[in-house]
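For the sequence shown, this note's numbering assigns the number 711 to the initial residue and increments by one for each residue that follows.
For each residue, glycine too, the CB sits at the ideal point set by N, CA and C.
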Amino acid sequence: MLLELRQLRIQPGHQLLLEDVSWQQFENILAELGEHRAARISYSYGFLEIMVPLPEHEKAKEIIGDMVKILLEARQIAFESLGSTTLKSDRMAQGVEPDACFYIQNQAAVIGKNRLDMSVEPPPDLAIEIDLTSRTKLDNYQILGVPELWRYGKQGLQINVLENGKYVESNFSPTFPSIPIIELVNQYVKQSQISGRTQAIQAFRNWLWNNI
């Protein structure tokens, strides 16, 4: 008798890896899991990973995403925030759900769209992954052509910029070239773990007010 995915219980902070998963099986699994779920998925050339994040993962995701929104709004830059929308391409045999993603330069291309096909639509300009459980692999994002990927892990924020189809680590963000984003993210995520999100975000807003 075959097991169904709904029968599986994945503990927070753990992953389930499935091999030899066809694209149609991947689509079926996405449909079975549904959109309102805690689990995140990553699919590449037949390998499917399902991960359930820890609470600390979710807290870091929220505050970093909020910082990006505050920066974009402070600079009056139009954007679409698509959260953990599934980015997938049958042609490229890739699928991934970032912790957060933003359409900035390509914002107009995705207004009103609830489902994205990376074979048709452009990739997000910025994707964010929280790597406290060491999940993110670069391949998905490189192949899908995401120009900028932020990865926040136990060592802090790392910025990866796509150059000639490969990610190169950068000391600054092309999205915010004049902002010391690595320093700011590391500082205020850490502060949020001590004094809470509200105080950390207010401190970040104060920094912006004084420096921009």
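Go to residue i, then tell me how far its alpha helix (DSSP H) extends in each direction, as first and last residue.
i	result
residue 652	Any property of residue 652 remains undetermined from this structure, which presents the chain solely from 711 to 922.
residue 743	733 to 743
Starting from the Cα of residue i, find the closest Cα among the options and give me that residue.
i	options	result
residue 868	882, 916 and 750	882
residue 732	748, 812, 755 and 750	755
residue 813	750, 806, 782 and 907	782
residue 840	730, 772, 904 and 801	772
residue 826	838, 849 and 793	793
residue 921	789, 784, 795 and 774	784
residue 769	907, 915 and 917	907
residue 865	743, 746, 896 and 831	896
residue 862	757, 849, 809 and 817	809
residue 924	799, 800, 835 and 830	This structure leaves residue 924 out entirely; the chain is present only between 711 and 922.
residue 737	747, 746, 758 and 724	758
residue 730	746, 753, 890 and 724	753
residue 918	778, 747 and 741	778
residue 901	830, 838, 819 and 774	774
residue 889	914, 875, 739 and 874	914
residue 904	745, 766, 747 and 818	766
residue 838	811, 746 and 824	811
Name the DSSP beta bridge partners of residue i, please?
i	result
residue 758	728 and 753
residue 840	862
residue 806	752 and 797
residue 876	873
residue 868	861
residue 813	790
What residues in its chain sit with their C-beta under 6 Å from that of residue i, if we drop five residues either side in the sequence?
i	result
residue 853	802 and 804
residue 726	720 and 760
residue 872	857
residue 722	762 and 764
residue 751	760 and 807
residue 916	none
residue 892	867
residue 909	none
Quick check on the DSSP output: the beta strand (DSSP E) that includes residue i runs from which residue to which?
i	result
residue 859	858 to 863
residue 798	797 to 799
residue 823	That residue, residue 823, is in no beta strand (DSSP E); it is neither H nor E in DSSP.
residue 888	No beta strand (DSSP E) holds residue 888; DSSP gives it neither H nor E.
Spatial neighbours of residue i within its chain, please: C-beta separation below 7 Å, excluding the five flanking residues on both sides.
i	result
residue 787	814
residue 776	911
residue 833	797, 854, 855 and 856
residue 800	733 and 829
residue 875	852
Keeping to the same chain, check which residues put their C-beta closer than 8 Å to that of residue i; ignore five residues upstream and five downstream.
i	result
residue 712	Here residue 712 scores only 44 on pLDDT, less than 50, and its place in the model is too uncertain to base an answer on.
residue 886	781
residue 749	720, 743, 760, 761 and 762
residue 877	848, 851, 852, 859, 870 and 871
residue 821	790
residue 745	none
Does any heavy atom of the ligand FMN sit closer than 8 Å to the C-beta of residue i?
i	result
residue 874	Among the ligands in the structure shown, none appear at all, so the ligand FMN cannot be discussed.
Step through the CB atoms of chain D and report whether any lies within less than 9 Å of the CB of residue i.
i	result
residue 861	Absent from the structure: chain D. Only one protein chain is present.
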